[in-house]
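In our numbering, the protein residues as written are 12 to 281.
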């Protein structure tokens, strides 16, 4: 799996997961504003645990791919020391392993009907976000840390405030933004045509990295990254709020129609 495909695939997964949760949280709040409670994940009518199964499947593929690249050349050291240029593969695999663990235990906790399964599932998700936050290093990823920090904080806060819609809304939006920014990172870092002026993609120790010719080119590249992040931040914010307004109107009208129909039926019976 190339870095571009890995970032895009993982980014698409997070974006889909975030949108799925954003949609369901808005729908649930619109239909039950006074008794809203945000679950840690949302069951599907077709397959109850499809959200969690999908997360486990993508995580498994990503782990297998990273381990393949990490071990594609056998370790000839007698002490089996891992070369420095392969550590990033194990870091990426570890991130996915945490999300796999979260999804697997979420299914188990739901199956056994644990009394604390909501809180424990959210706790496991917070652990996964925290681990991802710790393993992110580079400039594009430094900005990703901001998104991950929001996901981590809102997930932890939701444990004690499951009825707070704003927390669930921000949490879902941050997961969506996490995925979008991973996709952007994949394309910007490993597509030669998108490399900033004065910078180039260089192969170093079996890895492609972006290098810039001089401080001015480096500053230009960092400024472009900051602008991109700001523009996508605004776009995600506009989309999320607009998405809420549209869905709230749709389900509010359905709720009003349903209430009106029941009243008409009651008056007819009396």
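In this text, a Cβ means the ideal position worked out from N, Cα and C, and glycines have one as well.
Please classify residue 47: does DSSP put it in a helix, a strand, or coil?
The residue you call residue 47 lines up with position 36 of the chain shown. Residue state, collapsed to three classes: coil.
Check the C-beta distance from residue 159 over to residue 137 and give it rounded, since I have them as a contact under 8 Å.
Counting from one through the chain shown, the residue named residue 159 turns up at place 148. Counting from one through the chain shown, the residue named residue 137 turns up at place 126. Residue 159 to residue 137, Cβ: 11 Å. No contact.
Whole angstroms is fine: what's the gap from residue 249's alpha carbon to residue 67's?
On the chain shown, position 238 is the one that residue 249 refers to. On the chain shown, position 56 is the one that residue 67 refers to. Using only the alpha carbons, I get a separation of about 30 Å.
Could you please give the first and the last residue of the uninterrupted alpha helix (DSSP H) stretch that includes residue 176?
Looking up residue 176 in the chain shown gives position 165. That run of the alpha helix (DSSP H) goes 176 to 201.
For residue 222, list the residues DSSP reports as bridge partners.
To locate residue 222, count along the chain shown from 1; it is residue 211. 211.
Would you report the Cα separation of residue 46 and residue 130, rounded to the nearest angstrom?
The count along the chain shown starts at 1 and reaches residue 46 at position 35. The count along the chain shown starts at 1 and reaches residue 130 at position 119. The alpha-carbon atoms of residue 46 and residue 130 are separated by roughly 18 Å.
What's the call for residue 21, buried or exposed, on a 16-neighbour Cβ count within 10 Å?
Working through the chain shown from its first residue, we reach residue 21 at position 10. Buried: at least 16 other Cβ atoms inside 10 Å.
To which residues of the same chain is residue 172 closer than 8 Å at the C-beta, ignoring the five residues directly before and after it?
Locating residue 172 in the chain shown gives position 161, counting from the first residue. For residue 172, where only same-chain residues beyond five positions count, the Cβ hits under 8 Å are 178.
Please state whether the Cβ-Cβ distance between residue 106 and residue 143 is less than 7 Å.
To locate residue 106, count along the chain shown from 1; it is residue 95. To locate residue 143, count along the chain shown from 1; it is residue 132. Against a cut-off of 7 Å, the Cβ pair of residue 143 and residue 106 comes out as a contact.
Closest by CA to residue 282, which one among 124, 139, 125, 97?
Residue numbering for the chain in the displayed model covers 12 to 281; residue 282 lies beyond these limits and cannot be assessed.
Mapping DSSP to helix, strand and coil, what is residue 80?
Within the chain shown, the letter at position 69 stands for residue 80. Helix at residue 80.
Between which two residues does the alpha helix (DSSP H) carrying residue 52 extend?
By one-based count along the chain shown, residue 52 stands at place 41. Looking at the DSSP string, residue 52 is not in any alpha helix (DSSP H), and its letter there is neither H nor E.
Is the beta carbon of residue 54 closer than 7 Å to that of residue 133?
Your numbering for residue 133 matches position 122 in the chain shown. Your numbering for residue 54 matches position 43 in the chain shown. No; because the gap between Cβ atoms is not below 7 Å, this pair is not in contact.
For residue 17, which option in 233, 204, 190 has the closest C-alpha, if you only look at C-alpha atoms?
Along the chain shown, read from residue 1 onward, the residue named residue 17 stands at position 6. It is 190.
Suppose only complete runs of 4+ residues qualify. What are the alpha helix (DSSP H) ranges in the region 110 to 146, listed by chain order?
You should have 128 to 145.
Would you grab the beta carbon distance between residue 77 and residue 113 for me? Rounded to a whole angstrom, and I think it's under 8 Å.
Here residue 77 refers to the residue found at position 66 when the chain shown is read from its first residue. Here residue 113 refers to the residue found at position 102 when the chain shown is read from its first residue. Their Cβ separation, rounded to whole angstroms, is 18 Å, which puts residue 77 and residue 113 out of contact at 8 Å.
In three-state terms, what does DSSP make of residue 59?
Within the chain shown, numbered from 1, the residue matching residue 59 stands at position 48. Three-state result, residue 59: coil.
Quick check on residue 165: does DSSP put it in helix, strand or coil?
As a working mapping, residue 165 is identified with position 154 in the chain shown. Helix.
Report the three-state DSSP secondary structure of residue 25 (helix, strand or coil).
As a working note, residue 25 is residue 14 in the chain shown. The answer is helix: DSSP assigns residue 25 an H, G or I state.
From the DSSP output, in three-state form, read off residue 152 for me.
For the purposes of this step, residue 152 is taken as residue 141 along the chain shown, with counting starting at 1. The answer is helix: DSSP assigns residue 152 an H, G or I state.
Residue 206 by DSSP, collapsed to three states: which one?
By one-based count along the chain shown, residue 206 stands at place 195. Of the three classes helix, strand and coil, the one that applies to residue 206 here is coil, per DSSP.
Quick check on DSSP: helix, strand or coil for residue 172?
The sequence position of residue 172 within the chain shown is 161, counting from 1. Looking at residue 172 - three-state DSSP - the assignment turns out to be coil, as it is neither helix nor strand.
To the nearest angstrom, report how far apart residue 119 and residue 79 are at their CA atoms.
Walking along the chain shown from the start, residue 119 turns up at place 108. Walking along the chain shown from the start, residue 79 turns up at place 68. C-alpha separation (whole angstroms): 29 Å.
Out of 209, 152, 65, 34, point me to the one whose CA is closest to residue 227's CA.
Counting from 1 along the chain shown, the entry for residue 227 is found at position 216. Residue 209 is the option with its Cα nearest to residue 227.
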